[in-house]
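Number of protein chains: 2
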Amino acid sequence: MRAVMSETERKSGAAFQPLYAQVKATMTQWIGSGRWQPGEMIPNEFQLAAEFNVSQGTVRKALMALEADKLIVRHQGRGTYVARHTPQRALFQFFRMVDEGGKRLTPTSQPLSQTQRKATREQARLLGVEPGTMLHVITRVRLFGADPAIFERILVPVALMPELAVTLGTEMTDEMYVIYQDRFLITIARASERLRAVRATREEARHLAVEEGYPLLEVVRIAKDVNGKPVELRISRYKTKEYSYATEVT
Amino acid sequence: MRAVMSETERKSGAAFQPLYAQVKATMTQWIGSGRWQPGEMIPNEFQLAAEFNVSQGTVRKALMALEADKLIVRHQGRGTYVARHTPQRALFQFFRMVDEGGKRLTPTSQPLSQTQRKATREQARLLGVEPGTMLHVITRVRLFGADPAIFERILVPVALMPELAVTLGTEMTDEMYVIYQDRFLITIARASERLRAVRATREEARHLAVEEGYPLLEVVRIAKDVNGKPVELRISRYKTKEYSYATEVT
DNA sequence: GAGTGGTCTAGACCACGGT
DNA sequence: CCGTGGTCTAGACCACTCG
Numbered sequence: 001m002r003a004v005m006s007e008t009e010r011k012s013g014a015a016f017q018p019l020y021a022q023v024k025a026t027m028t029q030w031i032g033s034g035r036w037q038p039g040e041m042i043p044n045e046f047q048l049a050a051e052f053n054v055s056q057g058t059v060r061k062a063l064m065a066l067e068a069d070k071l072i073v074r075h076q077g078r079g080t081y082v083a084r085h086t087p088q089r090a091l092f093q094f095f096r097m098v099d100e101g102g103k104r105l106t107p108t109s110q111p112l113s114q115t116q117r118k119a120t121r122e123q124a125r126l127l128g129v130e131p132g133t134m135l136h137v138i139t140r141v142r143l144f145g146a147d148p149a150i151f152e153r154i155l156v157p158v159a160l161m162p163e164l165a166v167t168l169g170t171e172m173t174d175e176m177y178v179i180y181q182d183r184f185l186i187t188i189a190r191a192s193e194r195l196r197a198v199r200a201t202r203e204e205a206r207h208l209a210v211e212e213g214y215p216l217l218e219v220v221r222i223a224k225d226v227n228g229k230p231v232e233l234r235i236s237r238y239k240t241k242e243y244s245y246a247t248e249v250t
Numbered sequence: 251m252r253a254v255m256s257e258t259e260r261k262s263g264a265a266f267q268p269l270y271a272q273v274k275a276t277m278t279q280w281i282g283s284g285r286w287q288p289g290e291m292i293p294n295e296f297q298l299a300a301e302f303n304v305s306q307g308t309v310r311k312a313l314m315a316l317e318a319d320k321l322i323v324r325h326q327g328r329g330t331y332v333a334r335h336t337p338q339r340a341l342f343q344f345f346r347m348v349d350e351g352g353k354r355l356t357p358t359s360q361p362l363s364q365t366q367r368k369a370t371r372e373q374a375r376l377l378g379v380e381p382g383t384m385l386h387v388i389t390r391v392r393l394f395g396a397d398p399a400i401f402e403r404i405l406v407p408v409a410l411m412p413e414l415a416v417t418l419g420t421e422m423t424d425e426m427y428v429i430y431q432d433r434f435l436i437t438i439a440r441a442s443e444r445l446r447a448v449r450a451t452r453e454e455a456r457h458l459a460v461e462e463g464y465p466l467l468e469v470v471r472i473a474k475d476v477n478g479k480p481v482e483l484r485i486s487r488y489k490t491k492e493y494s495y496a497t498e499v500t
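Protein sequences, first through last, are from chains G and W.
Straight run, no breaks: the first sequence in the working numbering ends on number 250.
Straight run, no breaks: the second sequence in the working numbering ends on number 500.
Structure below.
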């Protein structure tokens, strides 16, 4: 690692990165490329320090940063592991609906359709692909108990996950992010969301058991992998009578 | 600081806190109590280390945590300062509306009314006060350019900010959080929000230039001080045709 | 008991901002 | 130039997990 950047480079401004940041970036790549696989235990701090030719403290700083990004999990006395999406974790991390008392809700899933379609200009822009790129288009309804509460459209570039459609017959009820990781080694690390209030279309109204025009909370989410590349575009429309979307601002 | 907790206490489980966490907690109290005031430069790491009887590295870890909480700002070569709410910072930190291109929007403000009223049971619960406690109730419309986009009700316990009403005639257009800090030494450090889609009431429709029943994005925010105590309850209703609420999930 | 991560210390050197 | 925070190192000791 010391050899990655000469002393003069390190002092020359633009290219300078602290050692721990270089170590972290390399480790992130290793996770993104599958060299370190989800669930795998990685070497301890001293072994990594030797490998990168830095001190254990520098490795620690990189690991702390990776843990903050939720790319690894550390357990005192056990070791450090590459983070794995379990259905529970995927929901806890990315699903923000709570009931009136503030308790987190867990939905079940009911598939409606799955096809492939060319990306519109807008969809392509959001996903960072060329317009016309083939996308998987999956629609489903999600329920809280027996109450249909969410109408959802999921769009994923076919090139990223060629066999996605095949798996869906059986695994549709699973968390999509678990499927992406287990079948395609693609880990969703973060997402950006845009929220608006909209009127239910006739189709949405029918599936959500409300009248046409009923106000729905629309969430447009772009989910990204560990390197920040967009992987999935998801448009969700929530019935928010007894439920609400919870977030913290700091 | 070493004296705060004996060795036996430190080993006895429940009460145990790492040294840097104890240092951080003490510093947070100093900021909350006004012993360290907004904008003030605080002593350097070595002076603090001497004062707390810990090493400079431990102080640093506490300071890094305070910086992550946005309670202080650090500048290499200049020093460490207690964070101050400027209108720009308050907006950047807490105002999440963006236009269709994703650019942050800055609203202007137009006051509608200010009164005092007893807290309902629900309002009291959210603010952590007794039902019937007197609250300032402020309503206003916020605009993007000439477009009235937000209808907002702000509720603050009178006991926390007795003279709030007096200041409002002139400063209504300012960021409330700047007023809370400058006039009452209360710093808003974080907030929790609940979002739903609702129908515009007749009054909201009139102020926002939409028809009654138009879908609005409702944001219920509880703003808290550095110690996590609720200070303000704010119900905002956003017209989200050309604007949307942006958030990141990690 | 061996091995892991968590805390704490001590000190070196650097980059940056103002005098 | 001096004082500040930022980076990096080295090593000690502790708490936790597991065989």
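Don't be surprised by glycine CBs; every beta carbon is placed ideally from N, CA and C.
DSSP, read as helix, strand or coil, puts GLU443 (chain W) in strand.
Not a single CB atom of chain G sits nearer than 7 Å to the CB of ARG371 (chain W).
Proximity of VAL156 (chain G) to chain W, defined by a Cβ-Cβ separation below 7 Å, is not satisfied. In the DSSP assignment, the residues bridged to GLU498 (chain W) are G:SER192. Note: GLN114 (chain G) is bridge-paired with G:ILE138 in the DSSP secondary-structure output. In the DSSP annotation of this structure, VAL470 (chain W) is not part of any alpha helix (DSSP H); the continuous beta strand (DSSP E) holding it starts and ends at 465-475. For ILE154 (chain G), the uninterrupted beta strand (DSSP E) run begins and ends at 147-157, by DSSP. In the displayed model, VAL178 (chain G) falls within a helix according to three-state DSSP. Look at PRO357 (chain W) here: in three-state DSSP terms it is coil, with no helix or strand label. For the C-beta of LYS320 (chain W), the chain G residues within less than 8 Å are, from N- to C-terminus, THR250.
Under the three-pair Cβ rule at 8 Å, the segment 469-477 of chain W does not count as touching the segment 380-390 of chain W. The Cβ atoms of ALA496 (chain W) and ARG346 (chain W) sit closer than 7 Å to each other. Following the DSSP letters along the chain, one finds GLU232 (chain G) inside the beta strand (DSSP E) bounded by residues 230-238. Three or more Cβ pairs closer than 8 Å define a contact, and the segment 439-459 of chain W falls short of that threshold against the segment 293-313 of chain W.
Apart from sequence neighbours up to five positions away, the residues of its chain that approach GLY213 (chain G) with a beta-carbon distance below 8 Å are ARG199, ALA200, ALA205, ordered along the chain.
When the Cα atoms are used, ARG375 (chain W) and ARG78 (chain G) turn out to be separated by approximately 42 Å. Every alpha helix (DSSP H) stretch that sits fully inside the segment 37-98 of chain G and reaches 4 residues is listed by chain position as 45-52, 56-68, 87-94. According to the DSSP secondary-structure assignment, TYR270 (chain W) is paired through a beta bridge with no residue. Within chain W, the C-beta atoms nearer than 9 Å to that of ARG190 (chain G) come from GLU498, VAL499, THR500, in chain order. DSSP lists W:THR358, W:PRO398 as the bridge partner or partners of LEU393 (chain W). Interface flag for LEU216 (chain G) against chain W is set, since a Cβ pair is found closer than 7 Å. Nearest Cα to HIS325 (chain W) within the set W:ALA369, W:MET291, W:LEU483: W:MET291. Within 10 angstroms of the beta-carbon of THR28 (chain G) lie 16 or more other beta-carbons, which makes it buried. Listed along chain W, the residues sitting closer than 7 Å to THR240 (chain G) by beta-carbon distance are ARG446, ALA447. VAL210 (chain G) is not bridged by DSSP to any residue. The beta carbon of GLU232 (chain G) sits no closer than 7 Å to any beta carbon of chain W.
The beta carbon of ARG194 (chain G) lies closer than 6 Å to those of VAL220 in the same chain, with the five residues before and after it left out.
Straight-line spacing of the CA atoms in GLU122 (chain G) and ALA191 (chain G) works out to 18 Å. Annotation: MET161 (chain G) to GLU232 (chain G) spans about 11 Å, alpha carbon to alpha carbon.
The beta carbon of ILE235 (chain G) sits closer than 6 Å to the beta carbons of ARG153, VAL220 from its chain, once the five residues preceding and following it are set aside; these are given in chain order. Pairing PRO337 (chain W) with ARG392 (chain W) gives a Cβ-Cβ distance that is not under 7 Å. The secondary-structure analysis by DSSP pairs ARG199 (chain G) across a beta bridge with G:PRO215. The residue from W:GLU498, W:GLU295, W:TYR430 with its alpha-carbon nearest to that of LEU405 (chain W) is W:TYR430. Identification of residues in the segment 82-114 of chain G having a C-beta nearer than 9 Å to some C-beta of chain W yields GLN93, PHE94, ARG96, VAL98, GLY102, given in sequence order.
Taking the Cβ atoms as the reference, GLY39 (chain G) lies roughly 4 Å from ARG84 (chain G), within the contact range of under 8 Å. Taking CB atoms only, SER486 (chain W) has no neighbour in chain G less than 7 Å away.
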